[in-house]
Amino acid sequence: MEINILIFGQIADITGKSAWKMAGIKDTNELIKNLEEQFPALSTTSYSIAVNKIVIQENTVFNENDTIALLPPFSGG
1 MEINILIFGQ
11 IADITGKSAW
21 KMAGIKDTNE
31 LIKNLEEQFP
41 ALSTTSYSIA
51 VNKIVIQENT
61 VFNENDTIAL
71 LPPFSGG
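Final position of the sequence shown in this note's numbering is 77; the numbers increase by one with none missing.
Here's what the structure looks like:
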């Protein structure tokens, strides 16, 4: 199973890329663990996760070709 990852703002600065595909990741908990192992600075960075354009708050199981976005904190104005 493959998922699409989109990264924005300061998170893209940390990872050095804004989009890629990952295989073998079954849910958001596994994704976070994998990303924090690859990019340790993410463990101290605040961000939200959206699955197919819906911001989620709890562990979510992925389906083939889901699009997961890591979003930096939002500020209003």
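Even glycine gets a Cβ: it sits at the ideal position worked out from N, Cα and C.
For Asn65, the secondary structure class from DSSP, reduced to helix, strand or coil, is coil. The Cβ atoms of Val51 and Ile32 do not sit closer than 7 Å to each other. Nearest neighbour of Pro40 by Cα position, chosen from Ile11, Met1, Pro72, Leu6, turns out to be Ile11. Within the model, the alpha-carbon separation for Thr15 versus Asp27 is close to 20 Å.
Lys21: not part of any alpha helix (DSSP H); member of the beta strand (DSSP E) spanning 19-23, first to last residue.
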